[in-house]
Each structure stands twice: as structure tokens, then as C-alpha cells.
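Have a look at the structure below before the remarks.
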Amino acid sequence: MTSPSAPLPADAIEALEEASFLRDTVRAFRKNRMAMVGLAFVLLLVLGAVFAPWISPHDPYRVALDEQLLPASTTYWLGTDNFGRDVLTRILYGARISLVVGIVPSLISLMIGTMMGILSGYLGGRTDFVVMRLADMMIAFPSLLLAMVVMYTLGANLLNIFIALALVGWASVARVVRSQTLALREKEFIEAARANGTARITVMLRHIFPNVVPTLIVLFTLAIPEAIMWESSLSFLGVGVQPPEASWGLLVAKGKEYMFQAPAVAIAPGVAILLTVLAFNFIGDGLRDALDPSMKD
């Protein structure tokens with residue numbers, strides 16, 4: 001039987017420290033009112049997207065030419081578009097595309113950028129030179145133009161949007177992760193692991209990667225609104241999601257032709273983009289402050 005004064009095992013101490021860090025992070029995040037507002041809005045948006053068929057009684061693809069450009073009413077809360085489709089329903093279904101496009105390419109670019117950044121920062125030498133020059137090329141090239149080239153080359157569909165946005169986003173992640181890896185590899189625990197003969201891949205996976213995860217979480221939350229903006233821009237320009245799908249960018253592009261007849265057709269999806277981007281940015285700022293020890297009380 002272990003005596004009360006016996007020291008705790010190292011694993012138990014580490015578990016307690018992690019639990020304490022998580023508790024402090026959640027507490028700091030909850031104190032940020034704007035972050036909580038952003039989180040509440042995103043949760044409502046997710047629920048609206050998931051339960052869109054039950055929230056709205058209208059078919060987002062139903063064409064009713066006798067109901068074109070109707071004003072807001074109890075039947076159509078935001079009016080109808082030029083094909084007689086309910087604008088609110090189209091926005092709810094468009095949230096599905098925007099959220100998927102925001103999350104999936106961001107995850108892909110985060111994985112690629114993290115791998116390249118850790119390899120570049122830890123291995124150094126030629127690996128660092130090649131990876132950073134490649135990242136510099138990607139950053140120097142206009143992002144929207146690069147995404148458009150990819151879409152024109154591969155074709156306008158959802159899968160190619162994932163490829164285009166992941167290709168655009170990985171370089172900035174790699175630079176941030178590399179800078180953190182350069183600082184971490186000089187730490188005593190990394191030098192101790194190397195001195196014990198730990199394989200380089202093990203050092204990178206077990207010691208460096210866990211220490212960049214907080215930064216990756218913040219980068220991920222900030223990459224989502226950026227991806228949503230890119231998708232909206234591509235769809236607005238006609239090289240993203242194609243009709244009759246309900247992409248927010250596509251809704252704005254089609255609705256701008258009827259700004260004076262039915263302003264809500266273009267303004268409503270534009271406001272949805274604005275609020276969603278702001279909400280994710282509030283969440284990212286809140287997580288950044290919560291995960292930064294210098295910002296905690």
C-alpha cells in the first residue's frame with residue numbers, strides 16, 4: 001500500500017498538469033465574451049446546417065417562376081430569388097458547403113504544413129532550404145490567382161476546391177511551425193532525448209509535435225474563415241461551386257443582378273459570410289489568448 005507521503009509517479013504528475021492546463025484554458029476562454037459569442041453563433045450555424053430539412057419546409061432546388069423575387073413574408077422570411085426559391089432555405093443549405101469547405105481544406109493544409117514545418121525546422125540544412133524556398137514561392141504567388149488556376153485546370157467541383165485551398169494554405173502553416181520547431185529543438189528535453197539515442201522521427205512525433213499543438217489549434221480556427229472566404233470568392237467568380245448548389249458566394253453572385261428589385265437575395269448570404277467569418281475569428285482570438293500563458297491571470 002502506498003503511503004500518503006510517497007511521491008506521485010511521473011505519469012500521474014504529467015496527467016495532473018495536463019488536466020490543470022486544460023481547466024485553465026477553458027476558464028480563460030469562457031471569460032472572453034466575444035469568443036463565447038462566436039462559439040454560440042457557430043454552434044447555431046452548425047445546427048442550422050445539419051437540421052436544415054427540418055427547420056425549413058421549402059425545397060432549396062424547387063423552381064417556382066410564379067414566385068420570383070417575392071419580398072420577405074411569413075412564408076418566405078427573406079423572400080425568394082429569381083427562380084422562386086426560398087432565400088433562407090438556400091442560405092441554410094449553403095452553410096453545409098461553407099462549413100465543409102472551411103474545415104476539410106484547413107485540416108489538409110494544417111497536416112501538410114505541420115509535417116513540412118517540423119521537418120524543415122528540426123532537420124535543417126538542405127531540407128530546410130528546399131521546404132522554405134517552396135513555401136516562399138507559394139506565399140509570393142497571389143493566392144486567389146493560384147486557386148483559380150487550379151480550378152480552371154482540374155475543373156469546378158467540391159473536391160478540386162479542397163485541393164486548391166489546401167495548396168494555397170499549407171505554406172503559412174509551415175513557416176509558423178518551423179519557427180516553433182527551431183526554438184524547441186534547443187530545449188533541454190530535446191537535447192536529452194537526442195543524447196539518449198532517440199530516433200529523430202520519435203523526437204519529432206513525441207516531443208516536438210505535442211508542443212506545437214496549441215498553436216495548430218489557433219491556426220486551424222483562423223484558417224476556417226479564410227477558407228470560407230476563398231470558396232465564396234471562387235464561387236462568386238464562377239470557378240467554384242456550380243449551380244444549382246447553394247454556395248453563399250454563388251448566391252451573392254446571382255443575387256447582385258437583382259439588388260434593386262430584391263436586395264435580400266444578395267445581402268442575406270453576404271451577411272451570413274460576414275457573421276461566420278467574424279465568429280470564427282472571435283473563437284481563434286479567444287483560443288490564442290487562452291492558450292498563451294502570458295495572457296492568463
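When we follow the UniProt record's numbering, the leftmost residue of the sequence shown carries the number 1, and every step to the right adds one. Backbone N, C-alpha and C fix where the C-beta goes; we use that ideal spot for every residue, glycine too. Since the structure is predicted, the reported quantities are computational estimates derived from the model, not experimental observations.
Minimum Cα-Cα distance from R206 among the listed residues T89, T181 and S109 corresponds to T181. A distance below 8 Å separates the beta carbons of Y61 and P244. Rounded to whole angstroms, the gap between the alpha carbons of S73 and L154 is 42 Å. For D292, the secondary structure class from DSSP, reduced to helix, strand or coil, is coil. Boundaries for I208: no alpha helix (DSSP H) harbours it, and the DSSP string shows neither H nor E there. Taken atom to atom, the span from the alpha-carbon of N281 to that of S172 is near 17 Å. The C-beta distance from P269 to I97 rounds to 11 Å, too long to fall under 8 Å, and the pair is not in contact. Not a single unbroken stretch of the beta strand (DSSP E) spanning 3 or more residues falls wholly within the stretch 78-112.
In this structure, DSSP gives E67 a helical state, which the three-state scheme calls helix. K256 places its beta carbon 8 Å or farther from that of A246.
If the five residues before and after A40 are omitted, its C-beta is found closer than 6 Å to no C-beta atom of its own chain. Its chain contains S98, I228, M229, S232, W248, G249 and V252 as the residues whose beta carbon lies nearer than 8 Å to that of I273, once the 5 sequence neighbours on both sides are disregarded; these appear in chain order. Contact between L146 and V168 holds: CB atoms are separated by about 6 Å, below the 8 Å threshold. If you draw a straight line from the Cα of G286 to the Cα of V46, it is about 19 Å long.
In the structure shown, S56 adopts coil according to DSSP, grouped into three states. The beta-carbon separation of V150 and I163, rounded to 6 Å, stays under the 8 Å limit for a contact.
8 Å or more divides the Cβ of I118 from the Cβ of A166. Counting only the Cα atoms, I217 lies some 15 Å from E226. Around the beta carbon of N160, a 10 Å sphere encloses 16 or more other beta carbons of the protein chains shown; the residue is thus reported as buried.
Separation of V131 and N157 (C-alpha to C-alpha, rounded to the nearest whole angstrom) is 29 Å. When only Cα atoms are considered, G94 and G197 end up about 53 Å apart. Burial check for I201: the Cβ neighbour count within 10 Å stays below 16, so the residue is exposed.
Bounds of the alpha helix (DSSP H) holding E191 are E188 to A195. In the structure shown, A72 adopts coil according to DSSP, grouped into three states. Cβ contact annotation for I55 (same chain, cutoff 7 Å, sequence separation greater than five): G48 and L92, in chain order.
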